[in-house]
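Asks: Under the numbering used here, think of the first position of the sequence shown as 155, with each following residue one higher.
Glycine included, every Cβ here is placed at the ideal spot set by N, Cα and C.
Structure provided below as structure tokens; questions to follow.
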Amino acid sequence: MTISHTTTDEPIHRRGLMLVLSSPSGAGKSSISRRLLESDNNLSLSISATSRKRRPGEVEGKDYHFVTPEDFQIMIHENRFLEYAKVFDHYYGTPAEQVMETLGRGSDILFDIDWQGTQSLKATARDDLVSVFILPPSYRELEIRLKKRNQDTDQEVAKRMSKAADELSHFPEYDYIVINHDLEESVKQIHAILMAERRRRYRLNGLTDFVRNLQAGY
Ligand code: 5GP
155 MTISHTTTDE PIHRRGLMLV LSSPSGAGKS SISRRLLESD NNLSLSISAT SRKRRPGEVE
215 GKDYHFVTPE DFQIMIHENR FLEYAKVFDH YYGTPAEQVM ETLGRGSDIL FDIDWQGTQS
275 LKATARDDLV SVFILPPSYR ELEIRLKKRN QDTDQEVAKR MSKAADELSH FPEYDYIVIN
335 HDLEESVKQI HAILMAERRR RYRLNGLTDF VRNLQAGY
């Protein structure tokens, strides 16, 4: 099912929202993100910049903008990030320009970022932010999913597992919690969150004039 968003609300213009998904690595966040993007035509992905090396199968401009550590530092100094953080020895950041333009035209953006990034975005854009924390159904399941990926070295898997407990502790900082027992069910739950958040009064520009006109009999 594709959710479409037509202009039945005219002349009310909705400001876009920033949907943040975070989870420990391996909780299923990437699959959920993919399904959300496929099924909702008003949602696009924020492409982060990173100084880490490209993994096999990753595509420049689609998964990340891969930049050198030196170029990343230049971007920091030019204030081109809404937020950035160092995760697992590498830098990751959200380029500001694309995000602001997208929100302004009423489209929503999905962020696949960690708790550090979420906290930074909260500090700069609280009203635009809707944050969802995805939990794995069990620790065992998390371990299985991480090993299945086969993209990382054993050493890296072990590092991520040891990080999981720490990452899990950040759940209270999020607006919503989804426990990923089943991919389709999780996607459904996040769609429901999106639908409700899109109706927030403060996202609807022109509402006062619209109601005034109703009151005046237009
Ligand atoms: P990975 O190397 O597995 O793609 O990502 C490692 C971690 O970096 C993940 O937890 C991911 O959510 C986080 N990350 C990816 N992009 C960004 C970003 O733009 N900002 C921040 N703060 N974290 C990010």
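1. Curious, which full-length alpha helix (DSSP H) runs of at least 4 residues does the stretch 213-293 contain?
2. Since Met172 and Ile263 are thought to touch, with beta carbons under 8 Å apart, how far apart are those beta carbons, to the nearest angstrom?
3. So for Asp320, helix, strand or coil by DSSP?
4. Counting C-beta neighbours from all protein chains within 10 Å, is the total for Thr160 16 or more, i.e. buried, or is it exposed?
5. With which residues is Leu199 paired in a DSSP beta bridge?
6. For Ser193, report the span of its alpha helix (DSSP H) as first-last.
7. Got a sec: does ligand 2 put a non-hydrogen atom nearer than 7 Å to the Cβ of Tyr246?
8. Classify Asn367 as helix, strand or coil using the three-state DSSP reduction.
9. If you draw a straight line from the alpha carbon of Glu338 to that of Arg208, how long is it in whole angstroms?
10. Measuring only the C-alpha atoms, how far is Asn233 from Gly371?
11. Buried or exposed, going by whether 16 or more other CB atoms sit within 10 Å of the CB of Ser158?
12. Between Asp281 and Glu297, what straight-line distance do the alpha-carbon atoms span, to the nearest angstrom?
13. Check Tyr118 in the structure and name its three-state DSSP category.
14. Between Glu351, Leu257, Glu224, which lies nearest to His244 when the distance is taken from Cα to Cα?
15. Could you tell me whether the stretch 285-300 touches the stretch 317-329, where touching means 3 or more Cβ pairs closer than 8 Å?
16. Please work out which residues of its chain come closer than 8 Å, Cβ to Cβ, to Asn367, disregarding the five sequence neighbours upstream and downstream, and give them in chain order.
Replies: Let me lay it out:
1. The stretch 213-293 contains these whole alpha helix (DSSP H) runs: 223-231, 250-258, 269-279.
2. 5 Å
3. Reduced to three states, the DSSP call for Asp320 is helix.
4. In this prediction, Thr160 scores a pLDDT of 44, lower than 50, which makes its location untrustworthy; no coordinate-derived value is stated.
5. Leu264
6. Counting along the chain, Ser193 sits inside the alpha helix (DSSP H) bounded by residues 183-193.
7. Only ligand 1 can be found as ligands here, which leaves ligand 2 out of the picture.
8. helix
9. Between the alpha carbons of Glu338 and Arg208 lies a distance of about 29 Å.
10. 48 Å
11. Note that Ser158 has pLDDT 48, beneath the 50 cutoff, so the model's placement of it is unreliable and the number below is only indicative. It counts as exposed.
12. So the two alpha carbons sit approximately 35 Å from each other.
13. The question about residue 118 has no answer, for the chain in this structure spans 155 to 372.
14. Comparing Cα positions, the closest option is Glu224.
15. yes
16. none
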